[in-house]
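The sequence shown begins at -10 in my numbering and counts up one residue at a time.
Note that the Cβ used here is the ideal one computed from N, Cα and C, for glycine as well.
Nothing here was measured: the structure is a model prediction, and the numbers come from that model.
For reference, the structure discussed in these notes is given below.
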Amino acid sequence: MTILRLALLTAVTIMSCSALLCHPCSTCTRPTIPIQQMTSSVTRASSAGQLSRTQLQSAISVVEGTERDLSLLGDWATHFGIVGSEGFGLEPTFASYGHNNDNQNWAAKAIQAMPKDHPVLQVPANIILSSAVVRQELGDSIEPALQYLETKGISHQRGQFLLFCKMLLEYEKEDQSYWCAWMNSLPRSFYTAVSMDDFEISCLPPFLYSLSMMDRIHFSVFLEALQTVNIFQKDETLQDMNLLKWAFNCVYTRCWGLDEDRCDIVPMADMFDHAWPSNILVEYDDNQNCIVRLKEDVQADQPLRMSYGMPTNPARLVATFGFFDESPPATYCKILARNPSKKLVDVGYDTARMVFYTEDGGISEECFDVVLYNLLEKLPDVQETFYQAHMTGDQGTKMEIQRKYLLETCTSLKLHVDGVLRELELLMQRIDGEDMSLHPRLPMIRRHNECVRETFSKVKGRLDVMIRNETERRRNEQ
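Written out as structure tokens, the structure reads:
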């Protein structure tokens, strides 16, 4: 890569920014690049994205591994009225979140200190891709597809489906699309469930596998729904699997939902990486312009990050977003129930609350309560008493039942933990026996499985002690 090319890729700033400060990587130290060195000229053109057709066909190749091109993104953003504060910039980041991705990732950062509530980014409504607007644009022509989603039981995904259609339609427009330069800046390689090959899918533990298959089913149903409408100009649009997967992945990794009927992709605001807790807040004004503000004071060089949700469910981040986050203090305990009853949910069946703590193997009360409630099925009167005590806040009665059946609860929970650990060991052996260079997502999957195993091993150790102590207590009481 030449010095000029390096400057073009690194100098991604918007509006009033005077320079972009780039973090050094392991092999080079990159200087601050003044924005004047950017050579793209969208802001001097009469319309956005004045790429030649030859340039576009090369730049918008969606074949996995194609390099992202951000050289026009800054000028494109300025042209369409996206306003960034002087402290907002983008930086290239490398292998992170438990996978070895050779393709650069780009993420928002603070290039100078900024105070709490400071607006770091403002995006006009007319450049936001909104499913509500897409539905208005397509009108009755899209209704058969939306009805098909409903027959398949995934009408709650219609917002994402409409954005999926929008991405494909804009891709067909090539250099005539207002979003051309932005689409050119998007990733081509993804680590999501939809992008995993069959061997990679076979290395997922049950809970992650179930989440991954759900996303793959959504993708398949989306493709089927496209066959019910005639909204595309080119036959090859529905035949290009690289394009279809790229559009699907772009939507699911970059959109957020405002309500059941509306999902948005906000260009430039889609460059915020994940963290929990986050340090930014996304708002909309009365005109539906998007404003990103700071939740706290930030320092120069600090990443600007938003939460993608589910801080105790990193498996969802792997399946849908294609990265593994090791930072959450707790992880879902992987107890799965088919069609859980309302009472079981009332007692605590919730992936956000039934957690094991990663540092010391601690077990949340909801794990014990759900396991105990299931065990008490053979004693319906006691089960109902336990349920009523839980619902009314009768801690005395609830603790009495918990104490009486503590050994049985711990034993049942340990059987679950032991089963997960055995399965993880088999999956690790399967992964380690394969050539990882043939399956680029295996390192991420292995790291996920390894972290789950570490946490569950700590939980097993804690349960072993609890079972031993409770057994000794009962023996002494005899």
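With a beta-carbon spacing of about 13 Å, residue 65 and residue 260 fall beyond the 8 Å limit used to define contacts. Fully contained in the region 335 to 386 are the following alpha helix (DSSP H) runs of length 4 or more, in chain order: 354 to 364, 369 to 381. With a 10 Å radius around the Cβ and a threshold of 16 neighbouring Cβ atoms, residue 133 comes out exposed. Per DSSP, residue 154 is one residue of the alpha helix (DSSP H) stretching across 147 to 161.
Selection 183, 128, 257, 165 evaluated against residue 306 yields 183 as nearest (Cα-Cα). The C-alpha of residue 314 lies about 34 Å from the C-alpha of residue 379.
If one requires a minimum length of 3 residues, the beta strand (DSSP E) runs lying completely within the region 214 to 253 are 245 to 248, in chain order.
Beta-bridge annotation (DSSP): residue 292 is paired with 98. Under the three-state reduction of DSSP output, residue 107 falls in the coil class, being neither helix nor strand.
An exposed status is given to residue 128, since fewer than 16 other beta-carbon atoms sit within 10 Å of its beta-carbon.
Around the beta-carbon of residue 80, 16 or more other beta-carbon atoms lie within 10 Å, marking it buried.
Excluding its 5 nearest sequence neighbours in each direction, residue 142 has no C-beta neighbour in its own chain below 6 Å. Selection 278, 209, 409, 317 evaluated against residue 197 yields 409 as nearest (Cα-Cα).
According to the DSSP assignment, residue 67 belongs to the alpha helix (DSSP H) that extends over 62 to 68. Residue 110 has its alpha-carbon roughly 44 Å from the corresponding atom of residue 421. Distances from the CA of residue 254 to each of 216, 413, 236, 214 were compared; the closest alpha carbon is that of 236.
Beta bridge pairing from DSSP links residue 81 with 95. Residue pairing of residue 282 in beta bridges, as defined by DSSP: 108, 270. A direct Cα-to-Cα measurement between residue 267 and residue 201 gives close to 25 Å. Residue pairing by DSSP places residue 262 opposite 294 in a beta bridge. Judged by beta-carbon spacing, residue 152 lies beyond the 9 Å limit of residue 174, meaning their Cβ atoms are not closer than that value. Per DSSP, the unbroken beta strand (DSSP E) holding residue 321 starts and ends at 319 to 321. Buried is the label assigned to residue 295, since at least 16 other Cβ atoms lie within 10 Å of its Cβ.
Contact check for residue 168 against residue 233 fails: the beta carbons are separated by 9 Å or more.
Two segments are said to touch when three or more pairs of C-beta atoms, one from each, lie closer than 8 Å; by this definition the region 441 to 449 does not touch the region 202 to 211. Contact annotation: the region 355 to 363 touches the region 330 to 344, with at least three C-beta pairs closer than 8 Å. In this structure, 432 is the residue among 406, 432, 211, 348 with its C-alpha nearest to the C-alpha of residue 188. In this structure, the straight-line span from the alpha carbon of residue 430 to that of residue 316 is close to 20 Å. Residue state for residue 325 is assigned as coil, using DSSP reduced to three classes. The straight-line gap separating the alpha-carbon atoms of residue 460 and residue 329 is approximately 31 Å.
Between residue 280 and residue 286, the gap from beta carbon to beta carbon reaches 9 Å or more.
Linking residue 458 to residue 388 through their CA atoms gives a straight-line distance of about 18 Å. Under DSSP, the beta-bridge partners assigned to residue 73 are 110. Its Cα nearest to that of residue 322, the residue 404 stands out among 404, 293, 123.
Excluding the 5 residues flanking it on each side, residue 309 has same chain C-beta neighbours closer than 8 Å at 181, 182, 200, 204, 241, 242, in chain order.
The C-alpha of residue 390 is placed about 12 Å away from the C-alpha of residue 368.
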